[in-house]
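At position 50 of the first sequence (counting the first as 1) the number is 683 in my numbering, and the numbers step up by one without a gap.
A short worksheet on the structure shown next.
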Amino acid sequence: METFTEKAVAIIKNIPAGRVMTYGQISKLAGSPRGARQVVRILHSMSKKHQLPWHRVVNIKGEIGLKDDEHFSIQKLSLEREGVEFFSSGRIDLSRFQFFPEQEE
DNA sequence: ACCCTGACCGCGT
DNA sequence: AACGCGGCCAGGG
């Protein structure tokens, strides 16, 4: 991997089931502390072609950012099936489920 | 080849 | 607490 995009894609593909990462976290690890938006772009375009676990990416608040109800449900159900628990507010407990590549679990 | 867009984040009003 | 804005990047029309 060399480019920001390639790094980001590699990181996303490296997220284990039952864990989540935030946009900002991914962009930072990929070399751009402020490039969270690029991760959004990558999820949109790359997830179609490549098979990325886009449902394991959430915003820094631990919530699903999608506005589309159907896709929102798909993501939430996918995560719950992997063992990720949500608060009634719809947020994820990042202190328990956020994944840090550095620790390599 | 240019321009718009996008599921964000953090900081300053 | 809410809102606005700038930063970062590249795919697709």
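We put the CB at the ideal spot given by N, CA and C, even for glycine.
Predicted model, so just to flag it, every value in this text is computed and none were measured.
So, V730 versus V717, is the Cβ gap smaller than 8 Å?
Along the first sequence, one-based indexing puts residue 730 at 97. Along the first sequence, one-based indexing puts residue 717 at 84. The amino acid at residue 730 is misidentified as Val; the sequence shows Phe. Yes; because the gap between Cβ atoms is below 8 Å, this pair is in contact.
Exposure label - G664; buried when at least 16 CB within 10 Å
Translated into positions along the first sequence, residue 664 becomes position 31. Around the beta carbon of G664, a 10 Å sphere encloses fewer than 16 other beta carbons of the protein chains shown; the residue is thus reported as exposed.
Chain-order list of residues whose beta-carbon lies under 6 Å from that of S711 (same chain, five-residue window excluded)
Residue mapping note: residue 711 aligns to position 78 of the first sequence, counting from 1. Excluding its 5 nearest sequence neighbours in each direction, S711 has C-beta neighbours in its own chain below 6 Å: H688, listed in chain order.
Using CA coordinates, which residue listed in E639, E635 and S660 is at the minimum distance from V690?
In the first sequence, counting from the first residue as 1, residue 690 sits at position 57. The shortest C-alpha separation from V690 is found at S660.
Output needed for N692: all residues of its chain with C-beta closer than 7 Å, excluding positions within five of it in sequence on either side, in chain order.
To locate residue 692, count along the first sequence from 1; it is residue 59. Taken in chain order, the residues that qualify are T655, Y656 and G698.
Go through its chain and collect everything with a Cβ distance to Q658's Cβ below 6 Å, but skip five positions before and after it.
Here residue 658 refers to the residue found at position 25 when the first sequence is read from its first residue. So no residue of the chain qualifies.
Are the beta-carbon atoms of K694 and R667 separated by less than 8 Å?
Residue numbering aside, residue 694 sits at position 61 when the first sequence is read from its first letter. Residue numbering aside, residue 667 sits at position 34 when the first sequence is read from its first letter. Between K694 and R667, the CB-CB gap reaches or exceeds 8 Å.
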